[in-house]
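Q: The structure follows.
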Amino acid sequence: MRTWDVVIIGGGIIGVSLSIALHKRGARVLVVERGEPGREASHAAGGMLVDCPLETPTALQPLATASARMYPEFAHELEVESGTKVDLRDHGTIFFSPADHRRNLELTTSVLLPPQLQKLEPALVDSEPPHHAAFYLKERSVDPRALTAAAIKTAKNRGVDFSSGDPVTAVNLDNRRVTGITTTKTVFHAPKIVNCAGAWSGQIGPLAFPTRPVKGQMLCLAMHPRDLLKHVIRAPQVYLIPRSDGRLLVGATIEEAGFDKRTVITTIQRLHHAALALVPELSSAKILEDWAGLRPGTPDALPILGVTETPGYYVATGHFRDGILLAPITAQVMADVITGTDPRHDLFPFRPNRFVEM
Ligand SMILES: Cc1cc2nc3c(=O)[nH]c(=O)nc-3n(C[C@H](O)[C@H](O)[C@H](O)COP(=O)(O)OP(=O)(O)OC[C@H]3O[C@@H](n4cnc5c(N)ncnc54)[C@H](O)[C@@H]3O)c2cc1C
Numbered sequence: 033m034r035t036w037d038v039v040i041i042g043g044g045i046i047g048v049s050l051s052i053a054l055h056k057r058g059a060r061v062l063v064v065e066r067g068e069p070g071r072e073a074s075h076a077a078g079g080m081l082v083d084c085p086l087e088t089p090t091a092l093q094p095l096a097t098a099s100a101r102m103y104p105e106f107a108h109e110l111e112v113e114s115g116t117k118v119d120l121r122d123h124g125t126i127f128f129s130p131a132d133h134r135r136n137l138e139l140t141t142s143v144l145l146p147p148q149l150q151k152l153e154p155a156l157v158d159s160e161p162p163h164h165a166a167f168y169l170k171e172r173s174v175d176p177r178a179l180t181a182a183a184i185k186t187a188k189n190r191g192v193d194f195s196s197g198d199p200v201t202a203v204n205l206d207n208r209r210v211t212g213i214t215t216t217k218t219v220f221h222a223p224k225i226v227n228c229a230g231a232w233s234g235q236i237g238p239l240a241f242p243t244r245p246v247k248g249q250m251l252c253l254a255m256h257p258r259d260l261l262k263h264v265i266r267a268p269q270v271y272l273i274p275r276s277d278g279r280l281l282v283g284a285t286i287e288e289a290g291f292d293k294r295t296v297i298t299t300i301q302r303l304h305h306a307a308l309a310l311v312p313e314l315s316s317a318k319i320l321e322d323w324a325g326l327r328p329g330t331p332d333a334l335p336i337l338g339v340t341e342t343p344g345y346y347v348a349t350g351h352f353r354d355g356i357l358l359a360p361i362t363a364q365v366m367a368d369v370i371t372g373t374d375p376r377h378d379l380f381p382f383r384p385n386r387f388v389e390m
């Protein structure tokens with residue numbers, strides 16, 4: 033009978049990054065994925081690496097900042113090991129913030145005056161919404177599809193095992209300790225299991241983590257010229273994320289719609305119009321694609337990280353709007369917890385049993 037040290041449920045960016053971190057520490061790891069690895073939220077994401085204090089929950093700020101700092105090395109390692117470019121961009125973000133937030137932001141950056149804005153991003157015209165000011169934020173962005181594909185390739189090259197197209201139906205226990213998992217086709221044995229099943233994490237027994245799907249619809253345009261925009265633009269109605277190959281992502285809605293991943297034409301049109309209002313030159317941009325994905329939400333909008341009350345059963349889920357950003361730090365702290373090392377970060381706000389206490 034084949035056994036592994038750790039079985040990870042879910043082949044999204046969180047599960048796959050963790051599989052690499054555990055493998056580096058000498059663990060034999062199996063990732064069990066219901067469909068094809070990397071095709072859910074991690075495929076749908078925009079890839080902004082946001083660690084701005086106005087938008088990040090206070091309790092999450094230390095992990096967000098640490099993860100943003102880890103990104104150049106994280107991305108470089110995946111690119112070298114997989115031979116896949118992940119388009120980590122360092123041009124920064126132009127962020128339109130309500131005027132009443134101005135004081136908080138001015139502590140870290142200053143208001144962009146119209147001539148400065150014009151110089152930074154000439155195609156952005158008359159763009160300042162009423163009562164908003166523009167700020168420059170030193171943030172990066174990445175292509176989540178390329179990143180996740182690079183992580184999967186890296187994990188496979190290193191010797192992480194994958195089982196695809198077979199959903200996990202239960203975590204198996206013997207005398208309250210984990211022994212493995214049951215899928216629709218088979219049983220896999222391991223003394224440690226990690227639930228990284230994103231929006232679906234709550235569906236796998238015996239513990240019902242309170243994750244829920246939060247739908248996001250997105251649109252992708254082809255910029256002409258391909259470097260029409262350089263910066264990520266974040267405005268109240270819409271955000272724009274340029275890629276180096278000339279694609280421009282326009283996102284995204286935040287909807288409570290259950291496990292429904294269909295796009296709605298009127299919603300996509302609204303995103304499109306909001307993009308055109310910011311950058312009229314996009315009127316000639318070809319529409320390449322639209323899609324929707326399901327963010328893993330939690331009741332307090334914080335991730336769920338750590339060991340559960342069931343010995344051997346761990347969880348890393350609920351990354352909501354920041355799972356791409358948080359992948360490197362999640363992999364590091366969870367590998368620490370699973371291998372019995374001090375994680376060097378306070379994980380108390382993210383403890384799995386906090387909802388029982390609510
Ligand atoms: C529209 C949109 C825009 C976003 N933009 C950003 C952004 O700009 N920046 C950012 O940092 N984050 C962003 N996010 C959030 C980010 O995508 C998520 O937080 C992150 O991808 C979560 O990763 P994950 O691995 O936990 O989940 P997923 O990528 O969803 O992976 C979970 C995996 O588990 C599998 N699974 C589920 N159930 C089972 C089962 N029973 N058995 C086996 N496998 C199972 C699924 O098939 C899936 O592959 C965005 C999300 C969306 C939808």
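Residue numbering for the sequence shown follows our numbering, beginning at 33 and increasing consecutively.
Don't be surprised by glycine CBs; every beta carbon is placed ideally from N, CA and C.
Note that this is a predicted model, so its numbers are computed, not measured.
Do you know offhand how far N189's Cα is from A363's?
A: Cα to Cα, N189 sits roughly 18 Å from A363.
Q: Please determine, among V369, P130, Y346, I319, the residue with the shortest C-alpha to C-alpha distance to M255.
A: Per the Cα distances, I319.
Q: Nearer than 7 Å: is that true of the beta carbon of L357 relative to any heavy atom of ligand 1?
A: At least one heavy atom of ligand 1 is nearer than 7 Å to the Cβ of L357, so yes.
Q: Helix, strand or coil, according to DSSP, for V112 in the structure here?
A: The answer is helix: DSSP assigns V112 an H, G or I state.
Q: What's the C-alpha gap between G67 and G43?
A: Their backbone Cα atoms lie some 9 Å apart in a straight line.
Q: Which residues mark the beginning and the end of the beta strand (DSSP E) in which Q249 is found?
A: Per DSSP, Q249 belongs to the beta strand (DSSP E) from 244-254.
Q: Which residue from A107, E111, A181, L149 puts its Cα closest to that of S127?
A: In the sequence on display, residue 127 carries Phe and not Ser. Answer by Cα proximity: L149.
Q: For S276, count the other beta carbons within 10 Å of its own beta carbon; 16 or more makes it buried, fewer makes it exposed. Which is it?
A: So S276 counts as exposed.
Q: By how many angstroms is the C-alpha of D206 removed from the C-alpha of Q249?
A: Their Cα atoms are separated by approximately 42 Å.
Q: Spell out a yes or no on whether the stretch 213-232 and the stretch 315-329 are touching, meaning 3 or more CB-CB pairs, one atom from each, closer than 8 Å.
A: Cβ pair count under 8 Å is three or more, so yes.
Q: Please classify T125: does DSSP put it in a helix, a strand, or coil?
A: It is a strand residue.
Q: Hey, I356 and I45 are a contact pair by Cβ (cut 8 Å); roughly how many whole angstroms apart?
A: The Cβ separation is near 6 Å, so the contact holds.
Q: Which residues does DSSP list as the beta-bridge partners of N227?
A: Answer by DSSP bridge pairing, in chain order: I41, V347.
Q: Can you determine whether any heavy atom of ligand 1 sits closer than 7 Å to the C-beta of R383, and answer yes or no?
A: Result no, Cβ not under 7 Å from ligand 1.
Q: What are the boundary residues of the alpha helix (DSSP H) that includes N189?
A: First-last of the alpha helix (DSSP H) with N189: 176-190.
Q: Check this for me: beta carbons of Y345 and V210, under 8 Å apart or not?
A: It is a contact, given that the beta carbons lie within the stated cut-off.
Q: Using the C-alpha atoms, what's the distance from G79 back to W36?
A: Using only the alpha carbons, I get a separation of about 32 Å.
Q: P238 and T349 look like a contact to me (Cβ under 8 Å); what is the Cβ gap, rounded to whole Å?
A: Their Cβ separation, rounded to whole angstroms, is 16 Å, which puts P238 and T349 out of contact at 8 Å.
Q: Mark K224 as exposed unless 16 or more other C-beta atoms lie within 10 angstroms of its C-beta, in which case mark it buried.
A: Buried.
Q: Please look up how many angstroms separate the CB atoms of L314 and A307, rounded, as I've assumed it's under 8 Å.
A: Going by Cβ atoms, the distance from L314 to A307 rounds to 6 Å, so yes, they are a contact pair.
Q: When you compare only the Cα positions, how much space is there between P381 and N204?
A: Taking the straight line from one Cα to the other gives about 27 Å.
Q: Do V39 and L62 count as a contact pair if the criterion is CB distance below 8 Å?
A: Cβ atoms of L62 and V39: closer than 8 Å.
Q: Assign K247 to buried or exposed, taking buried as 16 or more other Cβ atoms, counted over all protein chains shown, within 10 Å of its Cβ.
A: Buried, because 16 or more other Cβ atoms sit within 10 Å of the Cβ of K247.
Q: Using the DSSP secondary-structure output, state which residues sit across from Y168 in a beta bridge.
A: For Y168, which the question treats as bridged, DSSP gives the partners I126.
Q: Got a sec? Which residues, its chain only, sit under 7 Å from V157 by beta carbon, not counting five neighbours each side?
A: Result list for V157: P312, in chain order.
Q: Rounding to the nearest angstrom, what Cα-Cα distance links S129 and H164 in this structure?
A: The alpha-carbon atoms of S129 and H164 are separated by roughly 5 Å.
Q: Fully enclosed by the stretch 58-99, which alpha helix (DSSP H) runs are 4 residues long or longer?
A: As far as the stretch 58-99 is concerned, its whole alpha helix (DSSP H) runs of at least 4 residues are 73-76.
Q: Can you give the beta carbon distance from R121 to T371, rounded, assuming they're within the 8 Å contact cut?
A: Not quite, the Cβ-Cβ distance comes to about 33 Å (not below 8 Å), so this is no contact.
Q: Identify every residue that forms a DSSP beta bridge with I336.
A: T349.
Q: Kindly list the residues whose CB is nearer than 6 Å to the CB of D322, restricted to its own chain and excluding five residues on each side of it in sequence; keep chain order.
A: The residues are L251, T295, I300.
Q: Report back the beta-carbon spacing between I41 and I236 to the nearest angstrom; my notes put them in contact at under 8 Å.
A: Yes, I41 and I236 are in contact; Cβ-Cβ is about 6 Å, under 8 Å.
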